[in-house]
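There are 2 protein chains.
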Amino acid sequence: MTQSLRQMNLNVFILNAGHHEAAWRYKGTEPHQMTDIRYFQKLAKIAEDAKFDSLFLADGLAINNHIRYGSFIGLEPFTLLSALAAVTQHIGLIGTVSTTYNEPFHVARKFASLDHISRGRAGWNIVTSGSEAEAGNFGSVPHLEHSQRYVRAKEFLEVTTRLWDSWEDEAIVMDRRAGQFADPSKVREIHHEGDVFSVRGPLNVPRSPQGYPVLVQAGSSEDGKAFAARYAEAIFTAQQTLEEAKRFYTDVKSRLSSYGRHPDELKILPGICAIIGDTDAEAKEKEQELNELTIPEYGLKQLSNMLQVDLSSFPLDGPLPELPGIERINGNKSRYQLVTDLYTREQLTIRELIHRLAGGRGHRVIAGTPAHIADELEAWFTQGASDGFNVMPPYLPEGLERFAQQIVPELQRRGLFRREYTGATLREHFNLSRPANQFVSTPAVQH
Amino acid sequence: MTQSLRQMNLNVFILNAGHHEAAWRYKGTEPHQMTDIRYFQKLAKIAEDAKFDSLFLADGLAINNHIRYGSFIGLEPFTLLSALAAVTQHIGLIGTVSTTYNEPFHVARKFASLDHISRGRAGWNIVTSGSEAEAGNFGSVPHLEHSQRYVRAKEFLEVTTRLWDSWEDEAIVMDRRAGQFADPSKVREIHHEGDVFSVRGPLNVPRSPQGYPVLVQAGSSEDGKAFAARYAEAIFTAQQTLEEAKRFYTDVKSRLSSYGRHPDELKILPGICAIIGDTDAEAKEKEQELNELTIPEYGLKQLSNMLQVDLSSFPLDGPLPELPGIERINGNKSRYQLVTDLYTREQLTIRELIHRLAGGRGHRVIAGTPAHIADELEAWFTQGASDGFNVMPPYLPEGLERFAQQIVPELQRRGLFRREYTGATLREHFNLSRPANQFVSTPAVQH
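These protein sequence lines are chains X and Y, in that order. The UniProt record's numbering puts the last residue of the first sequence at 447; the count rises by one with no breaks. The UniProt record's numbering puts the last residue of the second sequence at 447; the count rises by one with no breaks.
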């Protein structure tokens, strides 16, 4: 049976014991498994059995939280995703890698390699690493201001895409009898000489199944949106309300034409942290239970980081102090905007704001029945607010199992999500074309 | 039965279709599989079934050969080794990573992660990347002269070992009831401020099963030997004759005491490319067959790279021209010495020299019966020339299968090699202790 309705794309975002900041204290979670690959392999198989498009791992280059009460630490994405590729067959594998503290040759090589190893399932969530803590671990690299990080990111992408194209698909000849290994006219030096990078090329790995990994972006600032409109093929974004999400969707999609791109070439996937109960009341109770396990000092430290102001001396049950203003933020500008909007719209105390952020750090949290949550997802998907979702289970593995067993089948019944994988690569899952090789019509440099 | 005799350590060095430069043209090899992870997984399982200590992948950061006739290209080591970790249980996994074109935070993180994923089987072959081709791919990083690369490597190791020690083994508390995730007094900023690097730390992954990956080194120059004596726990080395190998072994082992190290803390593993036949004559024929498949232009280019002189205009059946002298070599100094010694000792023509190098690029090649090869290995091992071997199959997979099926059992019969794995980690296979944490007796920085 062919599926005529437009289909959602679903990514699962895996984060240690779950996205809720108290997940590691919640019953049934396995926080001690955070460095055990078998834990992640188990989660990947649950997601693959449910036909998720992809699995995504966030990453940072520092511990940047209150280590006494929890922290985003764990396995490095390339090694982790490659170990997942070895035990899965279909699901896409998306990792976060910074353009600020890396060299394009290494990143191009590792993604090409992961794409070969997974036979076309690699995706790159491109980040620019704004925190002071990260800068401190790379002190010999200049610490760049927000817009300068995007300038570097843009040149980084120019270099990596040229490196991925430095081998034509047919470059390997492998004529054993004649003794010809490769066709030198199809392997090119790229001779990139830019403001930031100087890279001769070619890459030392042949062009991979997808040509490029699927390019993902999560910054929703002005710089982030402009970058996404040029390069991104999927966006992970935090949106709290349908109206805001529609505005963001329309805004970003409308920017693509100036780069000669069709709106379908970029999938917009708002985050959704679903707290699932058999009744709405049970779901709300569970949310309450999770919120009560949060540790105020930890939430306050996270909120202080987001707002770039030290909140430790202000009463939890009072209002926020005066804030620095978005133009002073050198980290995640769009998250700053989201949090201050949320605070103003809902007239919250500091403690209430911390609880509102505990489930998804600014991403949308819905507590309800499977049908209620599916209704919400369908509404956003059909009303021009999203092309699918970035599913952020509040606690693991059960939060993912329930999504897989209760919400996915509901979406399938409604004809909104695949029942079987029909493609082999992540590009095929996302209905994205394989990039043409930018050098194919130009003459090659001989080696 | 306990094994009282001293035991060999055997590493298998996997290189595309095999180490002989004509391997990709030889019958039964699978050069078209060079980007297919299943090929490497198959080889890893053959080696693990034979109880090899470890598997090693070389790497470089450029294509630096004659691409028409073959090249060292392929999958990147971290992603490849991690995908092998997922399907093996015992064998050590050693990857080559450069200290010249990397940041210590990234390298420390990836090795800690690989060590967690493999549950204690990671090893790092530390290289300093001397080629011009590699420098061209990292043009924004200063291109360093030989001894300066070792200065950087030394500081790189200071930083990575401190990062690996930045978490004490007991730092994760995971007291879910009390809400304590980690003990901040056991997680340290390292505050490294050196000539090359500035790194605050801590690492964002807890201390791994082995503490540090096994540290391996392959440079045999004066700088290389001094570095090895300080840091290396295994050395891959090219040695052509028993006398040279004994001299190298004695020299390096004698240097350890000045760093407070015992000679057993460093395993010396000369390379051996074994061409195995049922008779010596059959083995010699096979060697001849392989040599006849070499392409002179390719071998000449490789030899030109090693000697850093353009040989393309000299007759193949004549002598080498005047050479630059070792003090002018900015790449692999010890290989230059080995090749020029071999040329002088055996009074070869350029063509003969190319054939002598085709099997192992300067490593020792033996063509013979399993018993003959085992005799040679035993002689080197018992006469103070090695602690084991770096096994370099001339062609794959058959060259490895024959070593596993014919030479390993012969070594086992002689009581020189394990019949079963007795340890779980690579350190245990190599009989190396787990490094103590350098910070354990000092007070921690609070977070």
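Just so it is clear, CB atoms sit at the ideal spot from N, CA and C, and this is done for glycine as well.
When the distance is taken between beta carbons, is residue j closer than 7 Å to residue i?
| i | j | result |
| --- | --- | --- |
| Glu287 of chain Y | Ile275 of chain Y | yes |
| Ser98 of chain X | Ser147 of chain X | no |
| Phe105 of chain Y | Val199 of chain Y | yes |
| Gly123 of chain Y | Leu426 of chain Y | yes |
| Tyr212 of chain Y | Pro397 of chain Y | no |
| Phe430 of chain X | Met8 of chain X | no |
| Tyr101 of chain Y | Val127 of chain Y | no |
| Lys51 of chain X | Arg418 of chain X | yes |
| Leu203 of chain Y | Leu242 of chain Y | no |
| Glu155 of chain X | Phe111 of chain X | no |
| Ala22 of chain Y | Leu293 of chain Y | yes |
| Ala232 of chain X | Leu266 of chain X | yes |
| Gly368 of chain X | Asp280 of chain X | yes |
| residue 479 of chain Y | Ala135 of chain Y | Given that chain Y is displayed from residue 1 to residue 447, the structure contains no residue 479 of chain Y and the question cannot be resolved. |
| Arg119 of chain Y | Leu93 of chain Y | no |
| Asn137 of chain X | Leu61 of chain X | yes |
| Thr160 of chain X | Ala108 of chain X | yes |
Put residue i into one of helix, strand or coil per three-state DSSP.
| i | result |
| --- | --- |
| Ala44 of chain Y | helix |
| Met306 of chain X | helix |
| His447 of chain Y | Only weak support exists for where His447 of chain Y lies, its pLDDT of 46 falling under 50; the value from the coordinates is given anyway. Residue state, collapsed to three classes: coil. |
| Lys267 of chain X | strand |
| Gln438 of chain X | coil |
| Ile407 of chain X | helix |
| Ala122 of chain Y | strand |
| Phe314 of chain X | coil |
| Ile295 of chain Y | coil |
| Ser208 of chain X | strand |
| Ile373 of chain Y | helix |
| Leu320 of chain X | coil |
| Ile37 of chain Y | helix |
| Phe138 of chain X | coil |
| Gln89 of chain Y | coil |
| Ala234 of chain Y | strand |
| Leu215 of chain X | strand |
| Met1 of chain Y | Here the model assigns Met1 of chain Y a pLDDT of 42, short of 50, so the residue's position is not dependable and the matter cannot be decided. |
| Phe417 of chain X | coil |
| Gly388 of chain Y | strand |
| Glu66 of chain Y | Checking the displayed sequence, the identity of residue 66 of chain Y turns out to be His instead of Glu. Reduced to three states, the DSSP call for His66 of chain Y is coil. |
Could you name the residues of the same chain whose beta carbon sits closer than 7 Å to that of residue i, not counting the 5 residues immediately before and after it, in chain order?
| i | result |
| --- | --- |
| Leu338 of chain Y | Ala238, Gln240, Gly362 |
| Ser82 of chain Y | Leu114, Ile117 |
| Leu400 of chain Y | Val12, Leu43, Ile46, Ala47, Pro393 |
| Ile295 of chain X | Tyr69 |
| Asn291 of chain X | His355, Ala358 |
| Val309 of chain Y | Pro321, Leu323, Pro324 |
Would you grab the beta carbon distance between residue i and residue j for me? Rounded to a whole angstrom, and I think it's under 8 Å.
| i | j | result |
| --- | --- | --- |
| Phe314 of chain Y | Pro324 of chain Y | About 15 Å; that fails the 8 Å criterion. |
| Phe40 of chain X | Leu84 of chain X | 6 Å |
| Cys273 of chain Y | Pro370 of chain Y | In fact, because the Cβ distance is near 15 Å, the residues do not count as touching under 8 Å. |
| Asn125 of chain Y | Phe227 of chain Y | Between Phe227 of chain Y and Asn125 of chain Y the Cβ distance is about 13 Å, and since that is not below 8 Å, they are no contact. |
| Ile350 of chain Y | Leu307 of chain Y | That belief does not hold up - the Cβ atoms of Ile350 of chain Y and Leu307 of chain Y are roughly 10 Å apart, past 8 Å. |
| Gly179 of chain X | Arg149 of chain Y | Incorrect: roughly 35 Å between the Cβ atoms, too far for contact. |
| Ser334 of chain X | Ser220 of chain X | 4 Å |
| Tyr249 of chain X | Arg230 of chain X | Not quite, the Cβ-Cβ distance comes to about 17 Å (not below 8 Å), so this is no contact. |
Could you name the residues that DSSP lists as bridge partners for residue i?
| i | result |
| --- | --- |
| Ala367 of chain X | X:Ile275 |
| Asp175 of chain X | X:Gln180 |
| Ile94 of chain Y | Y:Phe56, Y:Gly123 |
| Ile14 of chain Y | Y:Leu57 |
| residue 449 of chain Y | This structure cannot speak to residue 449 of chain Y, because chain Y is shown only from 1 to 447. |
| Trp167 of chain X | X:Val187 |
| Asn9 of chain X | X:Gly388 |
Does residue i get closer than 7 Å to chain B when you measure Cβ to Cβ?
| i | result |
| --- | --- |
| Thr425 of chain Y | Absent from the structure is chain B; the protein chains it does hold are X and Y. |
Looking only at its chain, what residues have a beta carbon closer than 8 Å to the beta carbon of residue i, apart from the 5 residues adjacent to it on each side?
| i | result |
| --- | --- |
| Tyr421 of chain Y | Lys51, His90, His429 |
| Glu158 of chain Y | His192, Gly194 |
Skipping 5 residues on each side, what residues in its chain have a beta carbon closer than 6 Å to that of residue i?
| i | result |
| --- | --- |
| Gly201 of chain X | Leu163, Ser166, Glu189, Ile190 |
| Gly415 of chain X | Leu5 |
| Gly359 of chain X | His20, Cys273, Val365, Pro394 |
| Asn390 of chain X | Asn11, Phe13, Phe236, Leu269, Gly271 |
| Ile73 of chain X | Ile63 |
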